[in-house]
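Protein chains in written order, with numbering that gives the first Met the number 0: chain A, 0 to 339; chain B, 0 to 339.
Idealized CB from N, CA, C, for every residue including glycine.
Since the structure is predicted, the reported quantities are computational estimates derived from the model, not experimental observations.
2 protein chains.
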Amino acid sequence: MTPTVNRQIVLASRPPAMPTADNFRLEERPMPEPGPGEVLVRNIYMSVDPYMRSRMRDRKSYAPPWKLDEPCDGRAVGRIVRSNHPTLAAGDYVSSMLGWREFFVSSGQGLSRLDLSVAPLPAYLGVLGIPGFTGWYGLTEIGRPKAGETLVVSGAAGATGSLVGQMGKILGCRVVGTAGTEDKCAHLTRDLGFDAAINYRTAGDLYEALRRACPDGVDVYFENVGGAVLDAVLRCLNPFARIPLCGMISQYNQDPPEPGPRYLFQMVGNRVRMQGFIISDHYDRYPDFLREAGAWLKAGRLKHQETIVEGLENAPRAFLGLFKGENLGKMLVKLGPEDG
Amino acid sequence: MTPTVNRQIVLASRPPAMPTADNFRLEERPMPEPGPGEVLVRNIYMSVDPYMRSRMRDRKSYAPPWKLDEPCDGRAVGRIVRSNHPTLAAGDYVSSMLGWREFFVSSGQGLSRLDLSVAPLPAYLGVLGIPGFTGWYGLTEIGRPKAGETLVVSGAAGATGSLVGQMGKILGCRVVGTAGTEDKCAHLTRDLGFDAAINYRTAGDLYEALRRACPDGVDVYFENVGGAVLDAVLRCLNPFARIPLCGMISQYNQDPPEPGPRYLFQMVGNRVRMQGFIISDHYDRYPDFLREAGAWLKAGRLKHQETIVEGLENAPRAFLGLFKGENLGKMLVKLGPEDG
Chain A
0 MTPTVNRQIV LASRPPAMPT ADNFRLEERP MPEPGPGEVL VRNIYMSVDP YMRSRMRDRK
60 SYAPPWKLDE PCDGRAVGRI VRSNHPTLAA GDYVSSMLGW REFFVSSGQG LSRLDLSVAP
120 LPAYLGVLGI PGFTGWYGLT EIGRPKAGET LVVSGAAGAT GSLVGQMGKI LGCRVVGTAG
180 TEDKCAHLTR DLGFDAAINY RTAGDLYEAL RRACPDGVDV YFENVGGAVL DAVLRCLNPF
240 ARIPLCGMIS QYNQDPPEPG PRYLFQMVGN RVRMQGFIIS DHYDRYPDFL REAGAWLKAG
300 RLKHQETIVE GLENAPRAFL GLFKGENLGK MLVKLGPEDG
Chain B
0 MTPTVNRQIV LASRPPAMPT ADNFRLEERP MPEPGPGEVL VRNIYMSVDP YMRSRMRDRK
60 SYAPPWKLDE PCDGRAVGRI VRSNHPTLAA GDYVSSMLGW REFFVSSGQG LSRLDLSVAP
120 LPAYLGVLGI PGFTGWYGLT EIGRPKAGET LVVSGAAGAT GSLVGQMGKI LGCRVVGTAG
180 TEDKCAHLTR DLGFDAAINY RTAGDLYEAL RRACPDGVDV YFENVGGAVL DAVLRCLNPF
240 ARIPLCGMIS QYNQDPPEPG PRYLFQMVGN RVRMQGFIIS DHYDRYPDFL REAGAWLKAG
300 RLKHQETIVE GLENAPRAFL GLFKGENLGK MLVKLGPEDG
């Protein structure tokens, strides 16, 4: 039985710096009705991602700002509960861009059917979803690691970082990760095959810690965090090193931002390439990614972890937790049961 | 008549931060004698360059450190005064890597004969030499400007920057330069065709000044200086902007270096590529450069300026002047007359 009320999270206000739960509001709306050719989807998992911080700003960016008093959006996976659509059937699992709400009606545009025999449902928001695709693209296309090189990954216990490190191992690199707790560091070396992990909160001199962990220098730095980790890595780079810039989560809530790395000039003499990228520019490569990462996943070479928060009402808390490092692997919000 | 004494400048000590004249020492040596197959060259102009600061450090870099109590070296142009060489003749003009001395003996290896009908002698250390080649390579291969785009050049009145800006105009860009005096800024817009120039010392809010000078944003930033100019440009970048990193002269004498740009994270959302390069990696492209820049020079589309300091004994002063912005265009030291 479909309920008669649809709950959604709207943007209540824009934060000047670190966002809080007060920037969001839970609202109830009447359950929408699918018209001719439309489907009604029940969301099961929704993604919260660091990039969403930029959508809370009223500023032009690669993703449009969320509007005040309108529902937030983002990646989600769910199940079709009613269908008037010619090819999508009730019971089908689909991904969409319409998270932050329990139900939605769609013409089918923007929905992708998911094959649960390949991977479980949460994987489509993580290892086989945008985080995995982002990591794969940034590592292989911008980082271009060669076997025997040293790869450093920051935010290494996060959704993208944990996959980048494992891909680096598959490609034959020495892999060193940075993370913010002892548990996360232990997870990297014990469960995910990283060669070394550095707790950036307790390491003291990050440069010395990196030098010890990377005796042959750093050839690829996959950047998720910015700040002090970046600065320390800049001092350890080998000639012709590559730095894919995936994100700089340490900087997202600073306004004005804090002073940047002192050692940027090392990029000149070392001929370093640093390149920002946004995965939505590269969706044409998604089938290539799915083929390669799907095979690694099937072969058990790519492990994935999700941190799952229950209930739409806790979605803001899950999102805020990203900036405190509360997630191991992909942070998801579970909105309802997988079957039914 | 060749004198009997050869003067040279040796490295006397390594500076901890800003170098001084005391780090150099003028020495007299007996005039060397060319052996069988060798030539004796009299240097006429020698180059002083910001990158030489890194050679004063006892630290591995792309160019080997100068050795204590041994003559410094660097680019120079001169004339053969005696020759026992089969193909190089007395009277030939040649370029070499053996500056910082009045005479030297060579087997001919590392010497290139110069054609003074193409360009005057000083041009081979500037517009047709390493500064021009560096600017051309960084701009066209890394910056890749398209007609109608906006190019910002820092250190725009310097040896490389002044040529980069003019090349940007030839390629159809709006070109904005930054420099450190009103005279230099006037030179850029009045003599070299820049669309706008910003005096970074007096502009106040550099970001606002750049925004006004670049109403359509910045597509290519040719980086010579680092520091505050870089930070301001980072806030004005358009999506898919490119930043060739040629140098960061503002940072060379800071130890430890000052904090870096606050707005580096703008590179992520704007998919910016920042890339360091060293021209000696790309000598295979020198003939391409010479063909293209030679044609521009011949057509009067590329103007060049030299600041010439007289006398080997003043070479350290000329070098130190680079860090105070005392040069307009290429800083050279003249060691003797062009003919004779």
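Candidates the options, of which the one nearest residue i by Cα
i, options, result
"residue 61 of chain B", "A:334, A:325, A:267", "A:267"
"residue 207 of chain B", "B:48, B:339, B:228, B:132", "B:228"
"residue 292 of chain A", "A:337, A:277, A:237, A:163", "A:163"
"residue 192 of chain A", "A:221, A:299, A:112", "A:299"
"residue 147 of chain A", "A:135, A:170, A:131", "A:170"
"residue 295 of chain B", "B:109, B:31, B:131, B:246", "B:131"
"residue 309 of chain A", "A:330, A:321, A:303", "A:330"
"residue 8 of chain A", "A:21, A:1, A:149, A:280", "A:21"
"residue 120 of chain B", "B:143, B:107, B:91", "B:91"
"residue 181 of chain B", "B:200, B:167, B:168, B:243", "B:200"
"residue 238 of chain A", "A:137, A:269, A:312", "A:269"
"residue 198 of chain A", "A:19, A:324, A:317", "A:324"
"residue 336 of chain B", "B:97, B:284, B:42", "B:42"
"residue 83 of chain A", "A:153, A:104, A:166", "A:104"
"residue 2 of chain A", "A:11, A:18, A:29, A:19", "A:29"
"residue 304 of chain B", "B:172, B:153, B:160", "B:160"
"residue 31 of chain A", "A:246, A:313, A:137, A:106", "A:106"
"residue 118 of chain A", "A:278, A:339, A:297", "A:297"
Check: residue i C-beta below 6 Å from any heavy atom of the ligand MG
i, result
"residue 254 of chain B", "As presented, the structure is devoid of all ligands, the ligand MG included, so that no description of it is given."
Burial state of residue i, where buried means 16 or more other Cβ atoms lie within 10 Å
i, result
"residue 333 of chain A", "buried"
"residue 275 of chain B", "buried"
"residue 262 of chain B", "buried"
"residue 49 of chain B", "buried"
"residue 133 of chain A", "buried"
"residue 251 of chain A", "buried"
"residue 109 of chain B", "exposed"
"residue 226 of chain A", "buried"
"residue 36 of chain A", "exposed"
"residue 72 of chain A", "buried"
First through last residue of the alpha helix (DSSP H) which encompasses residue i
i, result
"residue 54 of chain A", "51-54"
"residue 206 of chain A", "205-212"
"residue 166 of chain B", "158-169"
"residue 188 of chain B", "181-189"
"residue 142 of chain B", "Careful: residue 142 of chain B lies outside any alpha helix (DSSP H) and carries neither H nor E."
"residue 318 of chain B", "314-321"
"residue 286 of chain A", "285-297"
Beta strand (DSSP E) segment containing residue i, residue limits
i, result
"residue 263 of chain B", "Looking at the DSSP string, residue 263 of chain B is not in any beta strand (DSSP E), and its letter there is neither H nor E."
"residue 240 of chain A", "236-244"
"residue 224 of chain A", "Per DSSP, residue 224 of chain A belongs to no beta strand (DSSP E) and is neither H nor E."
"residue 201 of chain B", "Segment: none, residue 201 of chain B is in no beta strand (DSSP E) and carries neither H nor E."
"residue 306 of chain B", "305-309"
"residue 25 of chain B", "23-29"
"residue 279 of chain B", "Here residue 279 of chain B belongs to no beta strand (DSSP E), and DSSP marks it neither H nor E."
"residue 16 of chain B", "Unbroken run through residue 16 of chain B: none, as it is neither H nor E."
"residue 9 of chain B", "4-10"
"residue 177 of chain B", "173-178"
"residue 149 of chain A", "149-152"
"residue 46 of chain B", "38-46"
"residue 334 of chain B", "Segment: none, residue 334 of chain B is in no beta strand (DSSP E) and carries neither H nor E."
Under 7 Å between C-beta atoms of residue i and residue j
i, j, result
"residue 240 of chain A", "residue 218 of chain A", "yes"
"residue 4 of chain A", "residue 44 of chain A", "no"
"residue 78 of chain A", "residue 33 of chain A", "no"
"residue 70 of chain A", "residue 100 of chain A", "yes"
"residue 260 of chain A", "residue 233 of chain A", "yes"
"residue 271 of chain A", "residue 248 of chain A", "no"
"residue 254 of chain A", "residue 89 of chain A", "no"
"residue 124 of chain A", "residue 46 of chain A", "yes"
"residue 190 of chain B", "residue 174 of chain B", "no"
"residue 184 of chain B", "residue 213 of chain B", "no"
"residue 327 of chain A", "residue 158 of chain A", "no"
"residue 188 of chain A", "residue 178 of chain A", "no"
"residue 243 of chain A", "residue 307 of chain A", "no"
"residue 126 of chain B", "residue 221 of chain B", "no"
"residue 167 of chain A", "residue 150 of chain A", "yes"
Min CB distance residue i to chain E below 7 Å
i, result
"residue 199 of chain B", "No chain E appears in this structure, whose protein chains are A and B."
Worksheet item: Where are the beta strand (DSSP E) runs, 3 residues long or more, that stay fully inside the region 64-135 of chain A, in chain order?
Response: Counting only runs that start and end inside the region 64-135 of chain A, the beta strand (DSSP E) elements of at least 3 residues fall at 75-82, 92-95, 102-105.
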